[in-house]
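J.: Can you read through this structure? Questions will come right after.
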Amino acid sequence: MSAADARVAIIGAGLAGLSCARALADAGIPTRLFDKARAPGGRLSTRRGPHWQCDHGAQYFTARTREFRRELERWIAAGAAALWTPRLSILGGAGEHHPDPSVQRYVGAPRMNAPARLLADGLAVHCGQTVRGLERHGERWQLHFLEEESASQAFDTVLLALPAPQALQLLAPVNPHLADLAGRVVMRPCWALMLDYAEPCPLPFDAAFINSGPLRWAARDGSKPGRSGQTWLLQATADWSRTYLEHPAEDIAARLIEAFGAWGAPAPHHATAHRWRYADLTEPLELGAAWDGPSGLGLCGDWLQGGRVEGAWLSGQHLARQVSSDAAATR
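Encoded structure:
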């Protein structure tokens, strides 16, 4: 069966969706992925400007399980990931962050979205496609898209690799059980600010956890393997981001630049703000994934597997095994 004949749709081409699609492809089950963004990767994202680039979503990832460590070794061998050893500081005294110095931190190379691009290679990924609704027609699911030029499409199986609130919106009218799972999770926003400097920023660290004020993280993008330039990434706390969620980007930039300046940073040459409505979560579920075989609907995402980049990849694998097992049983 070719990708064009795939009867499995995956909504969301972030790491969980790509992980699931790759595992299903390896099991001989082709899929089609749909994502509203311009490129696959989700929060494994890199913004590029005329003379700069900056990872503005996930900043790094760790590998705690044997299964993910094997996958990470594949990424490294392909040149899509590398170890990052920044000069790391903790600013603001006692607080939430007490990083373990023994933890090894990895990043995509030469950009954070490189592992996503590696996984997406050979898959049928359709970007710029926003699924606005699911509708059951006989034994198949009809996908309806927000974009006017996109015709509805029918699939036997639909897997949602979305943040919990977005999954809830699609599932509420069609599957109360899975909708209830998604409704249990509270996801938190994050304002991110990319700063481009004409000259090196005179700070005694490459990355910092920040325990006071509106900021929780700052990192020099050029300190990561395969990067260059003088771009920094700032992330605001979840509480601050929630308070200022609907404020104009220019206001957010001014406030966070001022907060960064309190730690000795000069004013940047250029600033670009990005709002992540669903950046992380308060309490992830520990289900791995959720699969409703009789209805042909499933869920995967970091919010089902302990959070983090590793959790997203593991959740996709978990769902793929469930779907593959059911498919094998019906052959």
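For the record, in the sequence shown the residue sitting at position 174 is 1000 according to the working numbering, with numbers rising by one throughout.
Backbone N, C-alpha and C fix where the C-beta goes; we use that ideal spot for every residue, glycine too.
(1) Which of the three DSSP states, helix, strand or coil, is assigned to residue 878?
(2) Which two residues bound the contiguous alpha helix (DSSP H) that contains residue 944?
(3) May I have the straight-line CA-CA distance separating residue 1098 from residue 1076, to the nearest angstrom?
(4) If distances are taken between C-alpha atoms only, which option among 1090, 833, 870 and 853 comes closest to residue 839?
(5) Leaving out five residues before and five after residue 901 in sequence, what residues of the same chain have Cβ atoms less than 7 Å from its Cβ?
(6) Using alpha carbons as the reference points, say which of 854, 917 and 936 lies closest to residue 873.
(7) Thinking just about the alpha-carbon of each residue, which of 973, 1070 and 905 is nearest to the one in residue 1041?
(8) Quick one: what does DSSP say residue 1006 is sitting in, helix, strand or coil?
(9) Starting from residue 979, follow the beta strand (DSSP E) in both directions and report where the run begins and ends.
(10) Ordered along the chain, which non-local residues of its own chain (more than five positions away) have a Cβ less than 8 Å from that of residue 983?
(11) DSSP state of residue 898, grouped into three classes?
(12) Can you tell me whether residue 909 is buried or exposed? The criterion is at least 16 other CB atoms within 10 Å of its CB, across all chains shown.
(13) Can you list, in chain order, the stretches of the alpha helix (DSSP H) that have 4 or more residues and sit fully within the region 1031-1105?
(14) Since residue 1011 and residue 990 are thought to touch, with beta carbons under 8 Å apart, how far apart are those beta carbons, to the nearest angstrom?
(15) Leaving out the 5 sequence neighbours to the left and right, which residues in its chain are closer than 6 Å to residue 1146 when beta-carbon positions are compared?
(16) Does DSSP put residue 841 in a helix, in a strand, or in coil?
(17) Less than 8 Å between the CB atoms is what I'm expecting for residue 1044 and residue 1016, so what's the real figure, rounded?
(18) Closest to residue 885 by C-alpha separation, out of 1079, 1060, 1074 and 1104, would be which residue?
(19) Just to confirm, are residue 898 and residue 868 a CB contact at a threshold of 9 Å?
(20) Measuring only the C-alpha atoms, how far is residue 1021 from residue 934?
(21) What's the call for residue 1057, buried or exposed, on a 16-neighbour Cβ count within 10 Å?
(22) Tell me whether residue 963 is buried or exposed, calling it buried when 16 or more other Cβ atoms sit within 10 Å of its Cβ.
(23) Of the choices 999, 988, 1081 and 1079, whose alpha-carbon is the least far from that of residue 1106?
(24) Using DSSP with H/G/I as helix, E/B as strand and the rest coil, what is residue 1111?
(25) Go through its chain and collect everything with a Cβ distance to residue 904's Cβ below 6 Å, but skip five positions before and after it.
(26) Buried or exposed for residue 919, please, with buried defined as at least 16 other CB atoms from any protein chain shown within 10 angstroms of its CB.
(27) Do residue 1003 and residue 881 come within 9 Å of each other at the CB atom, strictly closer than that value?
(28) Among residues of its own chain, excluding the 5 on either side of residue 1039, which ones have a beta-carbon nearer than 8 Å to its beta-carbon?
(29) For the candidate residues 950, 1141, 1081 and 1144, whose alpha-carbon lies nearest to that of residue 865?
(30) Compute the Euclidean distance between the alpha carbons of residue 1108 and residue 1135, then round it to the nearest angstrom.
(31) Nearest to residue 1046 by CA position, among 1052, 1036 and 1031, is which residue?
(32) Can you give the Cα-Cα distance for residue 1153 and residue 1114, rounded to whole angstroms?
T.: Let me spell this out:
(1) Residue 878 falls in the coil class under three-state DSSP.
(2) Here the alpha helix (DSSP H) through residue 944 covers 940-946.
(3) Whole-angstrom Cα-Cα distance: 8 Å.
(4) Restricting attention to 1090, 833, 870 and 853, the CA atom closest to the CA of residue 839 is found in 870.
(5) Excluding its 5 nearest sequence neighbours in each direction, residue 901 has C-beta neighbours in its own chain below 7 Å: 907, 941 and 944, listed in chain order.
(6) Comparing Cα-Cα distances from residue 873 to each of 854, 917 and 936, the minimum goes to 936.
(7) The option with the nearest alpha carbon to residue 1041 is 1070.
(8) Helix at residue 1006.
(9) Unbroken beta strand (DSSP E) run through residue 979: 979-981.
(10) Contacts found: 833, 834, 835, 967, 1122, 1123, 1124 and 1149.
(11) It is helical.
(12) The residue is exposed, with fewer than 16 neighbouring Cβ atoms inside 10 Å.
(13) With a minimum length of 4 residues, the continuous alpha helix (DSSP H) runs that stay inside the region 1031-1105 are 1064-1069 and 1075-1087.
(14) Indeed, because the Cβ distance is near 4 Å, the residues count as touching under 8 Å.
(15) Listed in chain order, the non-local C-beta contacts of residue 1146 below 6 Å within the same chain comprise 846, 849 and 850, local neighbours out to five positions each way being set aside.
(16) Residue state, collapsed to three classes: helix.
(17) With a Cβ gap of about 13 Å, residue 1044 and residue 1016 do not count as contacting.
(18) Relative to the Cα of residue 885, the nearest Cα in the group 1079, 1060, 1074 and 1104 belongs to 1060.
(19) Contact: no.
(20) If you draw a straight line from the Cα of residue 1021 to the Cα of residue 934, it comes to about 20 Å.
(21) By the 10 Å Cβ count, residue 1057 comes out buried.
(22) It is exposed - the Cβ of residue 963 has fewer than 16 other Cβ atoms within 10 Å.
(23) The shortest C-alpha separation from residue 1106 is found at 988.
(24) Residue state, collapsed to three classes: coil.
(25) Cβ neighbours of residue 904 beyond the five flanking positions: 944.
(26) Looking at its Cβ environment, which holds fewer than 16 other Cβ atoms inside 10 Å, residue 919 is exposed.
(27) The answer is no: Cβ separation not under 9 Å.
(28) Here the set comprises 918, 1085 and 1088.
(29) Considering only alpha carbons, the answer is 950.
(30) Cα-Cα distance, rounded: 15 Å.
(31) With distances taken between Cα atoms, residue 1046 lies closest to 1031.
(32) Taking the CA atoms as reference points, residue 1153 sits about 19 Å from residue 1114.
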